Amino acid sequence: MSEVPSTVALVGNPNSGKSTIFNALTGKNQRVGNFAGVTVEVKTGETYNPHGKKLNVLDLPGCYSLRANSPDEKIALDALNGVLPGSAKPDLVVCVVDASNLERHLQLALQVIELGLPCVLALNMVDIAEKSGLRLDPAKLSEELGIPVVPMQANAGKGITELKQALRHPFPPPSAATWKAGENERREFITRLCELAARRPDSEQRTFSDKLDSLLLHPFLGWVALIVVMFTVFWAIFSFASIPMDLIDGALGSFGGWVETLMPPGDFRSLLVDGVIAGVGGVLVFLPQIILLFLFIGLLESSGYMSRAAFLMDGVMAKAGLSGKAFLPLFSSYACAIPGVMATRTIDSAKERLVTIFVAPWMSCSARLPVYFLIVPLLLGETEGSWKQALILFGIYALGTVTAFVVARILRGRLGPDKSANHFILELPSYRRPQWSYIFRHVIDRAWAFVRKAGTIILGLSILLWALATYPKTDSEDPGEILAHSAMGRIGAFIEPVVKPLGFDGRTGTAILTSFAAREVFVSSTAILFSVEETDDDVETRSLLRDRISAATWPDGKPLFTPLTMVSLLVFFIYALQCLPTTAVVAKESGSWKWAIGQFVFMSGFAYLASLLVFQAGRLMGF
Amino acid sequence: MTSTPAARRTADSQLTLNEVGVNCDVRISSLNGPACERLRELGFCEQMQLRKISNGRNLVCTVCGAKMAISRELAEQVFVSPIR
Chain G
335 MSEVPSTVAL VGNPNSGKST IFNALTGKNQ RVGNFAGVTV EVKTGETYNP HGKKLNVLDL
395 PGCYSLRANS PDEKIALDAL NGVLPGSAKP DLVVCVVDAS NLERHLQLAL QVIELGLPCV
455 LALNMVDIAE KSGLRLDPAK LSEELGIPVV PMQANAGKGI TELKQALRHP FPPPSAATWK
515 AGENERREFI TRLCELAARR PDSEQRTFSD KLDSLLLHPF LGWVALIVVM FTVFWAIFSF
575 ASIPMDLIDG ALGSFGGWVE TLMPPGDFRS LLVDGVIAGV GGVLVFLPQI ILLFLFIGLL
635 ESSGYMSRAA FLMDGVMAKA GLSGKAFLPL FSSYACAIPG VMATRTIDSA KERLVTIFVA
695 PWMSCSARLP VYFLIVPLLL GETEGSWKQA LILFGIYALG TVTAFVVARI LRGRLGPDKS
755 ANHFILELPS YRRPQWSYIF RHVIDRAWAF VRKAGTIILG LSILLWALAT YPKTDSEDPG
815 EILAHSAMGR IGAFIEPVVK PLGFDGRTGT AILTSFAARE VFVSSTAILF SVEETDDDVE
875 TRSLLRDRIS AATWPDGKPL FTPLTMVSLL VFFIYALQCL PTTAVVAKES GSWKWAIGQF
935 VFMSGFAYLA SLLVFQAGRL MGF
Chain L
207 MTSTPAARRT ADSQLTLNEV GVNCDVRISS LNGPACERLR ELGFCEQMQL RKISNGRNLV
267 CTVCGAKMAI SRELAEQVFV SPIR
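So the sequence lines, in the order shown, correspond to chains G and L.
Counting with my numbering, you get residues 335 to 957 for the letters of the first sequence.
Counting with my numbering, you get residues 207 to 290 for the letters of the second sequence.
Next up, the structure:
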């Protein structure tokens with residue numbers, strides 16, 4: 335079996351069902367590759383043809399043409415020409431087209447055929463085409479194009495076997511294109527071909543999608559629907575996620591306790607329990623939220639609603655110098671900036687994409703919530719949960735969002751226009767029943783990426799933070815004193831002059847410092863720094879912690895946490911980019927560490943200045 | 207010959223897609239502007255029939271079975287003639 339497997343590339347417009355066919359062909363045997371310098375993914379997988387020969391399958395990014403207008407198109411063209419590093423020139427190309435939309439999809443197919451590679455046309459979504467009254471003639475299409483045509487309904491698994499049959503060796507010869515290369519010639523050929531092989535009914539009747547759109551794109555009702563949908567998603571993420579999150583939290587707590595009973599006390603046990611389990615666990619707790627968020631995004635995308643939301647939001651986003659396509663990434667960032675930054679891939683304009691990535695971390699993410707839940711009740715002198723707290727929480731979200739929009743606008747203006755004008759073009763696909771298999775696969779991919787990150791970057795950082803908080807050691811038993819003696823405590827004392835103008839002491843400064851890798855660490859660091867025993871119940875821990883920090887004083891006896899200090903602290907957390915995984919993802923997605931570090935420095939500086947301004951102005955006003 | 211949209215329109219008695227009423231069926235007679243290549247790839251080709259669904263900041267129309275939202279600047283480059 336020394337024979338090199340042939341390479342088959344899948345090419346098609348966005349929304350043509352290419353990924354569904356790819357998944358059906360390759361099953362579990364796939365992996366996602368990123369190519370250096372670019373951020374568009376090409377999936378590769380393996381399948382076997384009916385003769386049992388292994389085939390490598392490339393899923394190229396969805397594109398409208400091979401003119402290299404966008405990063406996706408450049409990748410697709412390079413892959414087809416065999417110049418994409420790390421992938422072989424395809425021996426056969428499967429052009430996936432939406433049968434209900436042949437006039438458009440054939441544009442790309444003809445360009446691919448012109449490259450002179452053997453081709454097979456996967457005529458997908460024949461069910462939708464026939465339902466809309468289109469009369470298809472695959473045999474005629476095949477005859478005119480000179481390549482095999484396979485009618486398919488990939489989301490129902492129909493036509494996959496026939497497609498595999500078409501991938502038999504020897505591959506069909508390249509078609510001798512009967513049309514002349516060129517935009518006009520291609521277009522005329524397609525018009526003629528569609529007259530012959532895909533006749534449209536003359537009368538345009540209103541489909542179900544049209545009726546639904548008259549509601550969902552309505553200038554008033556459309557907005558009501560959008561708000562209801564988004565509110566439901568938010569509510570579901572926050573309320574459903576808390577159940578598995580509590581379970582994970584509890585399980586990690588008992589696991590830590592179990593490890594503690596197994597080992598004698600010592601540095602190694604402390605490293606495992608307080609460093610590794612607590613650190614990685616603290617991040618894994620957010621897994622349910624991320625899974626739920628991607629589930630909803632998958633649902634909204636696969637049903638066709640997401641593009642309606644982008645359409646509605648275009649006017650609002652334009653005020654920030656962005657387009658409707660930036661809506662989904664920014665919206666996702668409310669849950670977590672990481673998927674948000676990854677979702678910017680759908681934005682055509684490179685500069686708009688960079689700006690969206692830049693401001694995404696200011697959409698207040700869920701990791702900030704533990705901090706807000708700690709501070710906000712303290713600010714009001716209440717226990718957790720009241721409408722006033724909800725109002726403040728809303729204000730916090732609004733402040734982050736408005737600042738993000740203002741900065742986006744300024745930044746977009748400074749970056750200047752794109753080299754080629756990018757107009758708003760958005761396809762509004764017909765509403766479809768969600769494809770669960772696709773959604774689940776997508777969710778699992780993302781969840782796994784997150785877990786992997788927790789296992790690498792966050793693990794490393796947890797160990798580093800643990801070491802800083804543990805060494806050098808002292809004989810004291812008091813956790814507060816141990817920490818004060820440690821490297822971390824000394825750094826805290828050292829930075830006190832830096833954070834004092836914001837109203838914080840060295841302990842708060844240290845807690846902020848520890849939270850630079852992951853902001854939610856602030857709560858557990860504060861607990862250690864103010865010597866609060868952590869209990870199994872988060873709410874109770876926070877309540878104990880609130881009692882303790884509201885009693886904390888400066889050496890001269892003045893209270894440490896005045897309302898003004900707390901507002902200053904909140905402002906700091908709204909603006910600071912304290913999330914190492916986000917910085918890593920930004921570097922990867924923007925293709926530049928400079929951009930990622932610039933963002934980190936800018937946001938940290940902005941947070942510092944905003945916090946300074948609040949505290950100093952507040953003091954001048956006598957608070 | 208001047209080449210302002212207005213002059214072209216008078217010469218060819220054509221409308222741009224922006225000027226057509228909602229729910230009108232029209233046929234694309236020509237494309238003129240920097241984005242025509244892109245428009246053609248998306249199915250806005252000469253002789254293609256389309257129906258305008260809504261107006262606004264971005265307008266919605268169906269062209270060869272697909273529903274597309276395009277900006278007003280793009281629609282300004284699409285010249286159409288009413289079918290009926």
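Heads up, the beta-carbon is just placed ideally off N, CA and C, and yes, glycines get one too.
Source: prediction; values computed, not measured.
{"Asked": "In chain G, which residues lie less than 9 Å from Lys276/L when you measure between Cβ atoms?", "Found": "Checking the sequence, you will find Ile at residue 276/L rather than Lys. Within chain G, the residues near Ile276/L are His757, Phe758, Ile759 and Leu760."}
{"Asked": "I think Lys258/L touches Leu265/L, with their Cβ atoms under 8 Å apart; what is that distance to the nearest whole Å?", "Found": "6 Å"}
{"Asked": "Check whether the region 621-639 of chain G and the region 671-684 of chain G touch, using three or more Cβ-Cβ pairs below 8 Å as the test.", "Found": "yes"}
{"Asked": "For Phe645/G, which residues in chain L fall below 9 Å Cβ to Cβ?", "Found": "Asn264, Val266 and Ala275"}
{"Asked": "Determine whether the Cβ of Ser537/G lies closer than 8 Å to any Cβ atom of chain L.", "Found": "With a pLDDT of 49 at Ser537/G, under the threshold of 50, the predicted position of this residue should be treated as unreliable, and no value is reported."}
{"Asked": "Is the CB of Gly925/G under 8 Å away from at least one CB in chain L?", "Found": "no"}
{"Asked": "Could you check what DSSP says for Asn291/L in three-state terms: helix, strand or coil?", "Found": "A question about residue 291/L goes unanswered here, because the residues of chain L that appear run from 207 up to 290."}
{"Asked": "What does Leu221/L reach in chain G if we use C-beta pairs closer than 7 Å?", "Found": "Simply none; closest approach about 19 Å."}
{"Asked": "With a threshold of 8 Å between beta carbons, is Ser350/G in contact with chain L?", "Found": "no"}
{"Asked": "Pull up the distance between the alpha-carbon of Asp231/L and that of Glu635/G, whole angstroms please.", "Found": "29 Å"}
{"Asked": "Compare the C-beta of Arg233/L against all C-beta atoms of chain G and say whether one is closer than 8 Å.", "Found": "no"}
{"Asked": "In whole angstroms, what is the alpha-carbon distance linking Glu478/G and Thr680/G?", "Found": "34 Å"}
{"Asked": "Do Leu414/G and Phe505/G have their beta-carbon atoms positioned less than 8 Å apart in this structure?", "Found": "no"}
{"Asked": "Indicate whether Val948/G and Val901/G have their beta-carbon atoms separated by less than 8 Å.", "Found": "yes"}
{"Asked": "Below 7 Å on C-beta distance, what does Leu248/L contact in chain G?", "Found": "Tyr398, Arg438 and Ile759"}
{"Asked": "Within a Cβ cutoff of 8 Å, which residues of the same chain sit near Thr844/G, ignoring the five residues on either side of it in sequence?", "Found": "Leu817, Met822, Gly823, Ile825, Gly826, Ile829, Ser859 and Leu863"}
{"Asked": "Report yes or no: is there a C-beta of chain L within less than 8 Å of the C-beta of Ser700/G?", "Found": "no"}
{"Asked": "Bridge partners for Thr341/G per DSSP, in chain order?", "Found": "Asn390/G"}
{"Asked": "So is Gly271/L in contact with chain G if we call contact Cβ pairs under 8 Å?", "Found": "yes"}
{"Asked": "Report, in whole angstroms, the separation of the C-beta atoms of Phe784/G and Ile624/G, which I expect to be a contact under 8 Å.", "Found": "5 Å"}
{"Asked": "Candidates Ala801/G, Asp608/G, Gly591/G and Val454/G: which alpha carbon is nearest Val345/G's?", "Found": "Val454/G"}
{"Asked": "Helix, strand or coil, according to DSSP, for Asn415/G in the structure here?", "Found": "helix"}
{"Asked": "Under a CB-based cut-off of 8 Å, is Ser260/L close to chain G?", "Found": "yes"}
{"Asked": "Kindly indicate which three-state DSSP category Val226/L falls into: helix, strand or coil?", "Found": "coil"}
{"Asked": "Starting from the Cα of Leu501/G, find the closest Cα among Phe728/G, Ala951/G and Asn383/G and give me that residue.", "Found": "Asn383/G"}
{"Asked": "Is the region 899-918 of chain G close to the region 834-850 of chain G, with three or more CB pairs under 8 Å?", "Found": "yes"}
{"Asked": "Tell whether a beta-carbon distance below 8 Å holds between Ala275/L and Leu546/G.", "Found": "no"}
{"Asked": "To test your reading of the DSSP string, which unbroken alpha helix (DSSP H) runs of 4 or more residues are found completely within the region 890-931 of chain G?", "Found": "897-909 and 914-924"}
{"Asked": "Would you mind reading off the limits of the alpha helix (DSSP H) that contains Phe285/L?", "Found": "Looking at the DSSP string, Phe285/L is not in any alpha helix (DSSP H); the run it does join, the beta strand (DSSP E), is Val284 to Pro288."}
{"Asked": "Given Pro622/G, which residues of its chain have a CB within under 6 Å of its CB, disregarding the five upstream and five downstream residues?", "Found": "Ala575, Pro578 and Met579"}
{"Asked": "Would you list, in chain order, the members of the region 508-527 of chain G that have their beta-carbon closer than 7 Å to a beta-carbon of chain L?", "Found": "Glu517, Arg521 and Thr525"}
{"Asked": "Report back the beta-carbon spacing between Val593/G and Ile582/G to the nearest angstrom; my notes put them in contact at under 8 Å.", "Found": "No, Val593/G and Ile582/G are not in contact; Cβ-Cβ is about 16 Å, not under 8 Å."}
{"Asked": "List, in order along the chain, the chain L residues whose C-beta lies closer than 8 Å to that of Ser466/G?", "Found": "Gly271"}
{"Asked": "Measuring only between beta-carbons, confirm whether Cys147/L sits less than 8 Å from chain G.", "Found": "Residue 147/L is absent from the model: chain L starts at 207 and stops at 290."}
{"Asked": "Gln623/G CB to nearest chain L CB: under 8 Å?", "Found": "no"}
{"Asked": "Using DSSP with H/G/I as helix, E/B as strand and the rest coil, what is Asn518/G?", "Found": "helix"}
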